[in-house]
Amino acid sequence: MTAPGSAQADATAGGQIAPNPARGLVCRNCGATFGLIAEHACAECFGPLEVDYDPELMRAVTREQIEAGPQNIWRYVALLPVGHDPADRVSLDPGMTPLVRADRLAAELGLTGGLWVKDDSANPTHSFKDRVVSLAATAAKSFGYTKIACASTGNLANSVAAHAARMGLPSFVFVPSDLEPGKITQSAVYGQALVAVEGSYDDVNRLTSELAETDEFEDTAFVNQNVRPYYAEGSKTMGYEIAEQLGWRIPAQVVIPMASGSLLTKVDKAWRELVAAGIVADTEWKVFGAQSAGCDPIATAFDNGWDVVKPVKPTGIAKSLNIGNPADGPYALDAIRRTGGSVGRVGDDEIVQGIRDLARTTGVFAETAGGVTTAVLRQLVEKGLIDPTQEVVVLNTGEGLKTLDPLLPVVGPSHHVQPSLKSLREAGLIA
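Under the UniProt record's numbering, the sequence shown has 367 at position 367, and the numbering climbs by one with no breaks.
1) Excluding five sequence neighbours on each side, which residues of the same chain lie with their C-beta closer than 6 Å to the C-beta of Phe-172?
2) Residues in the same chain with beta-carbon distance under 7 Å from Gly-24, minus the five sequence neighbours each way, listed in chain order, please.
3) Assign Cys-27 to one of two classes, buried (16 or more other C-beta atoms within 10 Å of its C-beta) or exposed (fewer than that).
4) Have a look at Lys-147 and Gly-347 and give me their C-alpha separation to the nearest angstrom.
5) Taking the beta strand (DSSP E) that Glu-50 belongs to, which residues open and close that run?
6) Only counting the same chain, and skipping five residues up and downstream in sequence, which positions put a Cβ closer than 7 Å to that of Arg-378?
7) Mapping DSSP to helix, strand and coil, what is Val-411?
8) Under the three-state reduction of DSSP, which class applies to Pro-94: helix, strand or coil?
9) If you follow the alpha helix (DSSP H) that Gly-371 is part of, which residue opens it and which one closes it?
10) For Gly-69 and Ala-243, what's the separation of their Cα atoms in angstroms?
11) Looking at the secondary structure, which residues open and close the alpha helix (DSSP H) in which Ala-318 lies?
12) Given this structure, state the Cα-to-Cα distance separating Glu-273 from Ser-177, to the nearest angstrom.
13) Kindly indicate which three-state DSSP category Thr-185 falls into: helix, strand or coil?
14) Smallest Cα separation from Ala-281: which of Leu-246, Asp-349, Ser-142 and Leu-49?
15) Assess, as a yes-or-no matter, whether the stretch 387-400 is touched by the stretch 247-262 under the definition of 3 or more beta carbon pairs within less than 8 Å.
16) For a test of the three-state rule: what should DSSP assign to Leu-80, helix, strand or coil?
17) Between which two residues does the alpha helix (DSSP H) holding Lys-236 run?
18) Would a C-beta distance cut-off of 8 Å place Ile-355 and Gly-370 closer than the cut-off?
19) Could you give the residue range of the alpha helix (DSSP H) that holds Phe-302?
20) Out of Leu-211, Gln-225 and Leu-429, which has the shortest C-alpha to C-alpha gap to Ser-260?
21) Using DSSP with H/G/I as helix, E/B as strand and the rest coil, what is Gly-428?
22) Based on the DSSP output, what are the partners of Ser-127 in its beta bridges?
23) I'd like to know whether the C-beta atoms of Leu-105 and Trp-116 end up nearer to each other than 8 Å.
24) Which whole-angstrom value is the C-beta distance of Gly-79 and Val-61, which I expect to be below 8 Å?
25) Given that a residue counts as buried once 16 or more other Cβ atoms are within 10 Å of its Cβ, and exposed if not, what is Cys-30?
26) Can you grab the Cα-Cα spacing for the pair Gly-400 / Phe-365, in whole Å?
27) Can you tell me whether Arg-360 is buried or exposed, with buried defined as 16 or more other CB within 10 angstroms of its CB?
28) In whole angstroms, give me the CA-to-CA distance for Val-411 and Gly-428.
29) With DSSP run on the structure shown, which of helix, strand or coil describes Val-308?
30) Need the endpoints of the beta strand (DSSP E) that Lys-220 sits in, please.
31) Can you list, in chain order, the residues of its chain whose CB lies under 8 Å from that of Ala-200, leaving out five sequence neighbours each side?
32) Taking its Cβ as the centre, do 16 or more other Cβ atoms sit within 10 Å of Gly-316, making it buried, or is it exposed?
33) Counting C-beta neighbours from all protein chains within 10 Å, is the total for His-416 16 or more, i.e. buried, or is it exposed?
34) Taking DSSP's pairing of strands, which residues face Lys-147 in a bridge?
35) Using a Cβ-Cβ cut-off of 7 Å (strictly less than) and excluding sequence neighbours within five positions of Pro-229, which residues of its own chain qualify?
36) So for Asp-119, helix, strand or coil by DSSP?
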């Protein structure tokens with residue numbers, strides 16, 4: 001099998017070999033460097049590790065090389081740390097999801113610069129997590145792991161179970177026991193081990209961190225723990241796609257939902273990489289974060305000017321965002337502040353309205369996280385924090401069918417009739 005650091009390469013349409021640009025892992029806190037290993041914490045300061053790339057190899061990547069690739073995330077393999085040999089990829093082939101122009105919503109909000117929705121509900125298990133799990137599972141295979149596992153608020157569990165089924169390997173997904181029924185069902189249908197834990201996501205995450213240290217699970221890749229540096233890089237592909245779908249340019253403003261904060265940091269990283277590689281023009285953009293009022297530790301830190309994110313106990317309907325102790329919170333704050341963005345938070349009623357507004361105006365049915373993002377967009381516009389004359393992209397990270405419960409009390413049939421024209425006339429449906 002090909003290790004992540006191997007020079008093994010993918011053959012492009014022109015027969016060219018694209019070497020792996022990843023040269024190691026680097027600590028985001030102290031800068032210590034390591035090889036391409038299965039670790040997520042620095043041995044020097046216990047800070048988080050991320051993939052470090054060779055800038056010369058990144059600059060060698062061209063638009064034409066990317067455009068000649070497959071219609072999925074692997075078209076960007078020359079900018080990623082794993083999967084350079086197609087035979088070694090573990091993938092449901094996610095990516096190249098729709099970038100939907102949202103003209104009707106833009107008109108309601110008074111946005112004249114253009115509004116787009118990046119709709120990742122179109123991925124194979126209907127969330128952006130297929131991007132990160134494809135990279136994590138590929139890394140796990142290269143390291144020789146024989147099982148994969150995760151702690152999840154739902155979408156990650158769905159994707160891990162599906163990838164394990166595709167691989168023919170056992171998986172163990174651990175979720176809070178009060179998760180939405182749709183996400184429980186979607187994880188269970190693949191026939192893998194699904195463990196419901198009495199507690200919050202943060203309790204589940206602590207449990208799996210302990211489990212990863214046991215002898216029984218030494219052969220297990222916990223995708224968002226011991227192979228997290230590779231897992232996290234999958235989120236960059238959403239940033240790459242947005243730029244490519246806009247004609248190789250970066251939007252002036254983007255609104256991104258935050259749970260751990262990783263997605264926001266990686267979309268920003270993707271755009272910085274594209275600029276540094278000369279694939280897109282050097283430009284400025286603003287990153288805005290969106291949180292539920294029931295779980296808003298990053299928003300609270302931003303409002304108070306803190307560099308440290310203080311944990312909270314999550315509540316509220318946006319369960320996919322309910323991470324009370326977000327690992328990437330400080331780095332998300334860095335990206336938001338560096339770009340001149342801001343953070344918004346919205347309550348449950350606003351979240352439900354955000355789901356309805358997006359569906360009504362664009363035909364995109366978002367899960368609760370998408371409702372958060374849409375409602376925060378409205379809030380940012382009303383506060384004057386979004387420039388209405390400049391382009392905006394908002395991210396929908398999951399499918400609305402996964403989170404039906406909050407909508408059941410407020411949506412349903414608009415009319416009840418008998419099977420007759422007379423009944424239709426009485427209901428005012430026909431003259």
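The C-beta atom is built at its ideal place from N, Cα and C for all residues, glycine as well.
So, from the listed chains and residues:
1) The answer, listed in chain order, is Ala-149 and Ala-193.
2) For Gly-24, where only same-chain residues beyond five positions count, the Cβ hits under 7 Å are Thr-33, Phe-34, Gly-35, Leu-36 and Asp-52.
3) Note on Cys-27: 16 or more other CB atoms within 10 angstroms of its CB, so buried under the neighbour-count rule.
4) Cα to Cα, Lys-147 sits roughly 38 Å from Gly-347.
5) From DSSP, the beta strand (DSSP E) with Glu-50 extends over 49-53.
6) So the qualifying residues of the chain are Leu-109.
7) In the structure shown, Val-411 sits in coil (DSSP, three-state: anything other than H, G, I, E or B).
8) DSSP, reduced to helix, strand and coil, places Pro-94 outside both helices and strands of the structure shown, so it counts as coil.
9) That run of the alpha helix (DSSP H) goes 368-382.
10) The straight-line gap from Cα to Cα measures roughly 16 Å.
11) Counting along the chain, Ala-318 falls outside any alpha helix (DSSP H), and DSSP gives it neither H nor E.
12) Linking Glu-273 to Ser-177 through their CA atoms gives a straight-line distance of about 39 Å.
13) Helix.
14) If we check each option's Cα against that of Ala-281, Leu-246 comes out closest.
15) Yes, the stretch 247-262 touches the stretch 387-400.
16) In this structure, Leu-80 counts as coil in the three-state DSSP scheme.
17) Per DSSP, Lys-236 belongs to the alpha helix (DSSP H) from 236-245.
18) Cβ distance < 8 Å, so Ile-355 and Gly-370 count as in contact.
19) Unbroken alpha helix (DSSP H) run through Phe-302: 297-304.
20) Comparing Cα-Cα distances from Ser-260 to each of Leu-211, Gln-225 and Leu-429, the minimum goes to Gln-225.
21) Coil at Gly-428, not helix or strand.
22) The partner list for Ser-127 (beta bridge, DSSP) reads Gly-398.
23) No, they are not a contact pair.
24) Checking the displayed sequence, the identity of residue 79 turns out to be Leu instead of Gly. Rounded, the Cβ-Cβ distance is 6 Å, consistent with contact.
25) Counting other Cβ atoms within 10 Å of its Cβ, Cys-30 stays below 16 and is therefore classed as exposed.
26) Gly-400 and Phe-365 have their C-alpha atoms some 5 Å from each other.
27) Arg-360 is classed as exposed because its beta carbon has fewer than 16 other beta carbons within 10 Å across all chains shown.
28) Approximately 20 Å, taken between the alpha carbons.
29) Three-state DSSP puts Val-308 in coil, outside helix and strand.
30) Lys is not the amino acid found at residue 220; the sequence shown has Thr there. Per DSSP, Thr-220 belongs to the beta strand (DSSP E) from 220-222.
31) Checking the sequence, you will find Ser at residue 200 rather than Ala. Taking Ser-200 as the centre and dropping the five residues before and after it, the same chain places the C-beta of Pro-176, Lys-313, Pro-314, Asn-322 and Gly-324 closer than 8 Å to its C-beta, in chain order.
32) Under this definition Gly-316 is a buried residue.
33) His-416 is exposed by the Cβ-count criterion.
34) Lys-147 pairs with Thr-220.
35) The beta carbon of Pro-229 sits closer than 7 Å to those of Leu-25, His-40, Leu-49, Glu-50 and Val-51, all from its chain and outside the five residues before and after it, given in chain order.
36) Looking at Asp-119 - three-state DSSP - the assignment turns out to be strand.
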